[in-house]
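Residue numbers (the working numbering): 1 to 161.
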């Protein structure tokens, strides 16, 4: 059911104190195979346009499309397995803002993902972690943006000694 990772990140997200607002990262490339898209949708998002190619023809999309929920989890998987998000400095996620499914994602198409640091929130008094707000863009093979979101990453401020 998992994605096929074609290419990983060009560099990992660093410690909060080292991040630069506006710095852009290439997260990597991935594919959501048809069998994985069908398995995920049947289990978690069973709308006809995700699970039935014939019924999908009568939907507003006119064809089978990947679940947006799966697309989000696949991009997260790419970020972790591809080497962008690593356990130190990353502590955990604090939430996702402004999630938009802009265009349909189709099974078996290559998705290219980039991200940019848009804001950092420094540690509160006595804490060694803060928040990095990172905006993600997912593009299809035509270079069209198909999904965007802002992930709020809880990040360690500096390297442990």
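C-beta: ideal position from N, C-alpha, C; glycine also.
Problem - First and last residue of the uninterrupted beta strand (DSSP E) at residue 134 - result: Mapped onto the chain shown, residue 134 falls at position 134. Counting along the chain, the beta strand (DSSP E) containing residue 134 begins and ends at 129–139.
Exercise for the section: Please list the segments of the alpha helix (DSSP H) lying wholly inside the region 24–53, counting only runs of 4 or more residues, in order along the chain. Expected result: Whole alpha helix (DSSP H) segments, 4+ residues: 34–44, 48–51.
Practice task
Rounded to whole angstroms, what's the CA-CA distance from residue 100 to residue 35? Just pull it up for me.
Solution key: Walking along the chain shown from the start, residue 100 turns up at place 100. Walking along the chain shown from the start, residue 35 turns up at place 35. Going from the Cα of residue 100 to the Cα of residue 35 covers about 24 Å.
Practice task
Assign residue 117 to one of three DSSP states: helix, strand, or coil.
Solution key: Taking the chain shown and counting its residues from 1, the one referred to as residue 117 is at position 117. Of the three classes helix, strand and coil, the one that applies to residue 117 here is strand, per DSSP.
Handout entry: residue 24, buried or exposed, once every other Cβ within 10 Å from all chains shown has been counted against 16
Key = The residue given as residue 24 occupies position 24 in the chain shown. Exposed, because fewer than 16 other Cβ atoms sit within 10 Å of the Cβ of residue 24.
Practice task
For residue 159, collect the residues of the same chain with a Cβ closer than 7 Å to its Cβ; drop the 5 residues on either side in sequence, then sort them by chain order.
Solution key: Stepping through the chain shown from its first residue, residue 159 is reached at position 159. Counting only Cβ-Cβ distances below 7 Å, and skipping sequence neighbours, we find 15.
Practice task
Could you tell me the boundaries of the beta strand (DSSP E) in which residue 153 lies?
Solution key: Within the chain shown, residue 153 is the residue found at index 153, counting from 1. Following the DSSP letters along the chain, one finds residue 153 inside the beta strand (DSSP E) bounded by residues 145–156.
Practice task
Measure the CB-CB distance between residue 67 and residue 50 and report whether it falls below 8 Å.
Solution key: Working through the chain shown from its first residue, we reach residue 67 at position 67. Working through the chain shown from its first residue, we reach residue 50 at position 50. In contact: residue 67 and residue 50 (Cβ atoms closer than 8 Å).
Problem - Ranges of the alpha helix (DSSP H) found wholly within the region 67–114, counting only runs of at least 4 - result: If one requires a minimum length of 4 residues, the alpha helix (DSSP H) runs lying completely within the region 67–114 are 68–81, in chain order.
Practice task
Measure the Cβ-Cβ separation of residue 142 and residue 118 and say whether it is below 8 Å.
Solution key: Residue mapping note: residue 142 aligns to position 142 of the chain shown, counting from 1. Residue mapping note: residue 118 aligns to position 118 of the chain shown, counting from 1. Their beta carbons are not under 8 Å apart, which means residue 142 does not touch residue 118 by this criterion.
Exercise for the section: Report yes if the CB atom of residue 55 is closer than 8 Å to the CB atom of residue 107, and no otherwise. Expected result: By 1-based counting over the chain shown, the position of residue 55 is 55. By 1-based counting over the chain shown, the position of residue 107 is 107. The answer is no: Cβ separation not under 8 Å.
Practice task
Spatial neighbours of residue 130 within its chain, please: CB distance less than 7 Å, with the 5 preceding and 5 following residues excluded, ordered by chain position.
Solution key: For the purposes of this step, residue 130 is taken as the residue at position 130 of the chain shown. Listed in chain order, the non-local C-beta contacts of residue 130 below 7 Å within the same chain comprise 16, 120, 121, 122, 123, 155, 157, local neighbours out to five positions each way being set aside.
Exercise for the section: Using the Cα positions of residue 2 and residue 105, report the straight-line distance between them to the nearest angstrom. Expected result: Stepping through the chain shown from its first residue, residue 2 is reached at position 2. Stepping through the chain shown from its first residue, residue 105 is reached at position 105. Rounded to whole angstroms, residue 2 to residue 105 spans 15 Å at the Cα level.
Practice task
Could you have a look at residue 20 and say whether DSSP puts it in helix, strand or coil?
Solution key: In the chain shown, residue 20 corresponds to position 20, counting from 1. In the structure shown, residue 20 falls within a coil segment according to DSSP collapsed to helix, strand and coil.
Exercise for the section: Indicate whether residue 83 and residue 22 have their beta-carbon atoms separated by less than 8 Å. Expected result: To locate residue 83, count along the chain shown from 1; it is residue 83. To locate residue 22, count along the chain shown from 1; it is residue 22. No, the pair does not count as a contact, with Cβ atoms beyond the cut-off.
Practice task
Whole angstroms is fine: what's the gap from residue 48's alpha carbon to residue 30's?
Solution key: The residue given as residue 48 occupies position 48 in the chain shown. The residue given as residue 30 occupies position 30 in the chain shown. A straight line joining the alpha-carbon of residue 48 with that of residue 30 spans about 24 Å.
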